[in-house]
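**Q** Take this structure first; my questions come after.
There are 2 protein chains.
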Amino acid sequence: MNFPLITMRDFVNVQKALLDSQGITSLHAVAGLSMGAMQAMEWGNAYPNMVKRIIPVAGHAYSDAHLVGFFDLLAAFIKLDPKWKNGNYYATGQPLDGLREARKLSLLTGVYWQWSQDNFGRAWADGRTSVRRNSFNDKYKIEAGLDAGATSYVQDVDANHFLYRLKATQDYIVGHNGSLADELARIKAPILFIYSPNDLVIPADKVCETGRMIRALRDEAGNRAVVEFAEIEGNAGHVDSIFSISQAAGRIERFLDREPYETPRRRARRRDGCS
Amino acid sequence: MNFPLITMRDFVNVQKALLDSQGITSLHAVAGLSMGAMQAMEWGNAYPNMVKRIIPVAGHAYSDAHLVGFFDLLAAFIKLDPKWKNGNYYATGQPLDGLREARKLSLLTGVYWQWSQDNFGRAWADGRTSVRRNSFNDKYKIEAGLDAGATSYVQDVDANHFLYRLKATQDYIVGHNGSLADELARIKAPILFIYSPNDLVIPADKVCETGRMIRALRDEAGNRAVVEFAEIEGNAGHVDSIFSISQAAGRIERFLDREPYETPRRRARRRDGCS
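Order-wise, the sequence lines are chains R and L.
At position 171 of the first sequence the residue is numbered 171 (full-length UniProt numbering), and the sequence of numbers has no breaks.
At position 261 of the second sequence the residue is numbered 261 (full-length UniProt numbering), and the sequence of numbers has no breaks.
Quick look at the structure:
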């Protein structure tokens, strides 16, 4: 845990160095999901003349207080595990119990209530159908499902790496440099926000708020680049943006192909998925 | 942890024994918030002839898969704390770290995103205004706020008691006896559901679904007792039902006073807060 803290800007700068090494000087679009959406926004802010289009999926311009608190609690699971030892576990083995619980919480919150209820309901893990049971050891199917998903995930993850990523996500605010309005105004590229109204991690109303803030800043600055919203329907929340991204295929295709600036006619007929 | 599991029905039966000892044979209304709402529903199911009105606030007829999984994770914090020792901590001291994290998670989820953002935003706990910081030890205000709230709470709580309550809540389905429809049909009393559309613990759509299921069962059975919904406005979610319950004062007053049965005219003009 002596490595310096990392930020979304660091991720973007590493990607930029890779592109530089390949002689790539212009990006037709930068797209990403969740933490990838944060990086897509950061790209548009850091290299506004290089990025021609941005597609943040299930993400927006900053981690709000809820996300900061939520990630603190994911980290808490790891830090509670006595095997973590303030990060000095490399000789003695990973804090797998804490890591697994952190992953379970992120899995649970990654889906919407309705999805969990439809897929697990109140069934018992062992398939027996009695309502009353008499032991703390009897697991519900949702508990066993989260356990299984998390157990398979933690095989390939390092706990300290997980903590650095959580911290980078807490610290994310586009530009990492003060005024949100100033940093959003630096983004020149057209943006297509894709989001689910049932997202329990990235609130849809905050995606809309961010998009509208960018629009207002552009109107002031005379920038005609579009800010569009595409809503994904589904009952799975944050991961609808993975499960059901094909719903947005047509919108993405048009966004990638056409001239990405608003004409007066287009502005007049603009309809927000957000509203 | 050798004490038998307890259920919402057990809580209700203890309350019933108290009332019996006082010679009370009829209840004008049973009202409760959250876990209290579960008990109010259970009262109507267990003693349908004794309960004249039910007011569940931020609660409904069963814990859904999301709540079951969420409470598993609250319990996980306590079980991860090495001081828990499978519940045998009475000689050595409470697992306070785990208990505190569990409480932090329930505090965070008890409020809606907007409330956390409005009250804490992305400010630092120490009040300094720089955006970039360089240490895991720098806490955001929301993190410090959750810490403070949880630290004060755990002074008065026993960890094993907390685990029993979590399990009782996971196991809650009205009647605890099989078919949800059969058990809901046993409830004869009029019901006023009070809920917040921003509740992250008890989803509003599940409150509505439960209420409508009861209505449909009553129509079949010829029971004219009303099922009403009162929506609380606010940005605080689950705890809007505490902070802003006065919004429902008029509805509660009329519900407690008038003849709680539907006439054809009343049915015709019924409007759901739910829809």
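Quick reminder that beta carbons are idealized off the backbone N, C-alpha and C, glycines included.
Which whole-angstrom value is the C-beta distance of A61 (chain R) and M41 (chain R), which I expect to be below 8 Å?
**A** Here residue 61 (chain R) refers to the residue found at position 61 of the first sequence. Here residue 41 (chain R) refers to the residue found at position 41 of the first sequence. Beta-carbon to beta-carbon, A61 (chain R) and M41 (chain R) are separated by about 6 Å, close enough to satisfy the 8 Å threshold.
**Q** If the cut is a Cβ gap below 9 Å, which residues of chain R does P4 (chain L) touch?
**A** Indexing the second sequence from 1 puts residue 4 (chain L) at position 4. Near P4 (chain L) (Cβ distances below 9 Å), the residues of chain R are N134.
**Q** To be precise: take each residue of the stretch 187-207 of chain R, compare its Cβ to all Cβ atoms of chain L, and keep it if any distance is under 9 Å. Which residues remain?
**A** Closer than 9 Å at the C-beta level to chain L, one finds these residues of the stretch 187-207 of chain R: L200, P203, D205 and K206.
**Q** Over the uninterrupted beta strand (DSSP E) stretch that includes Y112 (chain R), give me the two end residues.
**A** As a first step, residue 112 (chain R) must be located in the first sequence, where it is residue number 112. DSSP places Y112 (chain R) outside any beta strand (DSSP E), giving it a letter other than H or E.
**Q** Distance check for E259 (chain R) and E183 (chain R), CA to CA, integer angstroms please.
**A** Translated into the one-based positions of the first sequence, residue 183 (chain R) becomes position 183. Translated into the one-based positions of the first sequence, residue 259 (chain R) becomes position 259. Whole-angstrom Cα-Cα distance: 24 Å.
**Q** Can you name the start and end residues of the alpha helix (DSSP H) that A31 (chain L) belongs to?
**A** Numbered from its first residue, the second sequence carries residue 31 (chain L) at position 31. No alpha helix (DSSP H) holds A31 (chain L); the beta strand (DSSP E) holding it covers V30 to L33.
**Q** Name, going along the chain, the residues of the stretch 113-128 of chain L whose beta-carbon falls closer than 8 Å to a beta-carbon of chain R.
**A** Cβ contacts with chain R come from W113, Q114, S116, Q117, N119, F120, G121 and R122.
**Q** In three-state DSSP terms, what is V14 (chain L)?
**A** For the purposes of this step, residue 14 (chain L) is identified with residue 14 of the second sequence, where counting begins at 1. If DSSP states are grouped into helix, strand and coil, V14 (chain L) belongs with the helices.
**Q** Quick check on V154 (chain L): does DSSP put it in helix, strand or coil?
**A** Working through the second sequence from its first residue, we reach residue 154 (chain L) at position 154. Of the three classes helix, strand and coil, the one that applies to V154 (chain L) here is helix, per DSSP.
**Q** Where V68 (chain R) and S34 (chain R) are concerned, what is the direct C-alpha to C-alpha distance, given to the nearest angstrom?
**A** Looking up residue 68 (chain R) in the first sequence gives position 68. Looking up residue 34 (chain R) in the first sequence gives position 34. Each residue's Cα considered, the two are about 14 Å apart.
**Q** Whose Cβ in chain R lies nearer than 9 Å to the Cβ of E143 (chain L)?
**A** For the purposes of this step, residue 143 (chain L) is taken as the residue at position 143 of the second sequence. Those are V68, G69, D72 and Q170, listed as they occur along chain R.
**Q** Determine the chain R residues that contact P56 (chain L) at a beta-carbon separation under 8 Å, and present them in chain order.
**A** Indexing the second sequence from 1 puts residue 56 (chain L) at position 56. Simply none; closest approach about 18 Å.
**Q** List the DSSP bridge partners of E231 (chain L).
**A** Numbered from its first residue, the second sequence carries residue 231 (chain L) at position 231. DSSP, once it has assigned bridges, lists L:Y195 as partnering E231 (chain L).
**Q** Of all the CB atoms in chain R, is at least one closer than 8 Å to the CB of Y89 (chain L)?
**A** By 1-based counting over the second sequence, the position of residue 89 (chain L) is 89. Judged by the 8 Å Cβ criterion, Y89 (chain L) is not in contact with chain R.
**Q** With 8 Å as the threshold, decide whether the Cβ of Y153 (chain L) is near any Cβ in chain R.
**A** Within the second sequence, the letter at position 153 stands for residue 153 (chain L). Y153 (chain L) does not count as touching chain R.
**Q** Taking Cβ to Cβ, would you say V51 (chain L) is nearer than 8 Å to L27 (chain L)?
**A** In the second sequence, the residue the question calls residue 51 (chain L) occupies position 51. In the second sequence, the residue the question calls residue 27 (chain L) occupies position 27. Closer than 8 Å, so yes.
**Q** From the DSSP output, which residues share a beta bridge with V57 (chain R)?
**A** Counting from 1 along the first sequence, the entry for residue 57 (chain R) is found at position 57. Paired residue(s): R:L33 and R:I194.
**Q** Checking contacts by CB at 8 Å: is N49 (chain L) closer than that to chain R?
**A** Taking the second sequence and counting its residues from 1, the one referred to as residue 49 (chain L) is at position 49. So no, N49 (chain L) is outside the interface.
**Q** Leaving aside the five residues before and after T210 (chain L) along the sequence, list all residues of the same chain whose C-beta is less than 6 Å from its C-beta, in chain order.
**A** Position 210 of the second sequence, counting from 1, holds the residue named residue 210 (chain L). Contacts found: H60 and A61.
**Q** In chain R, which residues lie less than 7 Å from residue 276 (chain L) when you measure between Cβ atoms?
**A** Given a span of 1 to 275 for chain L in the structure shown, any question on residue 276 (chain L) remains unanswerable.
**Q** Which first and last residues belong to the alpha helix (DSSP H) in which I252 (chain R) is found?
**A** As a working mapping, residue 252 (chain R) is identified with position 252 in the first sequence. Taken as a continuous stretch (DSSP letters only), the alpha helix (DSSP H) holding I252 (chain R) covers A249 to D257.
**Q** For Y195 (chain L) versus A58 (chain L), is the C-beta distance shorter than 8 Å?
**A** Here residue 195 (chain L) is taken as the residue at index 195 of the second sequence, counted from 1. Here residue 58 (chain L) is taken as the residue at index 58 of the second sequence, counted from 1. Cβ atoms of Y195 (chain L) and A58 (chain L): closer than 8 Å.
**Q** Using DSSP bridges, identify the partner residues of L27 (chain L).
**A** Locating residue 27 (chain L) in the second sequence gives position 27, counting from the first residue. Partner(s): L:V51.
**Q** Say whether the stretch 175-189 of chain L touches the stretch 153-163 of chain L, bearing in mind that this needs 3 or more beta-carbon pairs closer than 8 Å, one atom from each stretch.
**A** no
**Q** Taking the C-alpha atoms as reference points, what is the distance between D10 (chain L) and T169 (chain L)?
**A** What you label residue 10 (chain L) is simply residue 10 of the second sequence in a count that begins at 1. What you label residue 169 (chain L) is simply residue 169 of the second sequence in a count that begins at 1. Approximately 12 Å between the Cα atoms of the pair.
**Q** Which same chain residues end up closer than 7 Å to P197 (chain L) when comparing Cβ atoms and leaving out the 5 residues on each side of it in sequence?
**A** Along the second sequence, one-based indexing puts residue 197 (chain L) at 197. Taken in chain order, the residues that qualify are A204 and E231.
**Q** Just verifying my parser: in three-state terms, what is the DSSP assignment at W43 (chain L)?
**A** Stepping through the second sequence from its first residue, residue 43 (chain L) is reached at position 43. Taken through DSSP and simplified to helix, strand or coil, W43 (chain L) comes out as helix.
**Q** Going by the beta-carbon positions, is the gap between M1 (chain L) and N134 (chain L) smaller than 8 Å?
**A** In the second sequence, counting from the first residue as 1, residue 1 (chain L) sits at position 1. In the second sequence, counting from the first residue as 1, residue 134 (chain L) sits at position 134. Not closer than 8 Å, so no.
**Q** Does any CB atom of chain L fall closer than 8 Å to the CB of D64 (chain R)?
**A** Mapped onto the first sequence, residue 64 (chain R) falls at position 64. D64 (chain R) counts as touching chain L.
**Q** Would A76 (chain R) count as contacting chain L if we go by Cβ distances under 8 Å?
**A** Along the first sequence, read from residue 1 onward, the residue named residue 76 (chain R) stands at position 76. Answer yes: the Cβ-Cβ gap between A76 (chain R) and chain L drops below 8 Å somewhere.
**Q** Could you tell me whether the stretch 211-221 of chain L touches the stretch 246-257 of chain L, using the rule of 3 or more Cβ pairs below 8 Å?
**A** Counting Cβ pairs under 8 Å, fewer than three are found: no touch.
**Q** Within 8 Å (strictly less), CB to CB, does Y140 (chain L) reach chain R?
**A** Counting from one through the second sequence, the residue named residue 140 (chain L) turns up at place 140. Yes, because at least one Cβ of chain R sits closer than 8 Å to the Cβ of Y140 (chain L).
**Q** Which residue marks the beginning of the alpha helix (DSSP H) containing C208 (chain L), and which one marks its end?
**A** Here residue 208 (chain L) refers to the residue found at position 208 when the second sequence is read from its first residue. Per DSSP, C208 (chain L) belongs to the alpha helix (DSSP H) from A204 to A221.
**Q** Please classify T92 (chain L) as buried or exposed, where buried requires at least 16 neighbouring CB atoms within 10 angstroms.
**A** Position 92 of the second sequence, counted from the first residue, corresponds to residue 92 (chain L). Answer is exposed; the Cβ neighbour count stays below 16.
**Q** Please check the pair V227 (chain R) and I214 (chain R), which I expect to be a contact at CB under 8 Å, by giving their CB distance rounded to whole angstroms.
**A** One-based indexing of the first sequence puts residue 227 (chain R) at position 227. One-based indexing of the first sequence puts residue 214 (chain R) at position 214. So it is a contact: roughly 5 Å between Cβ atoms.
**Q** Going by beta carbon distance, what residues of the same chain come within less than 6 Å of A75 (chain R), once the five residues before and after it are set aside?
**A** Taking the first residue of the first sequence as position 1, residue 75 (chain R) is located at position 75. The answer, listed in chain order, is L163 and L166.
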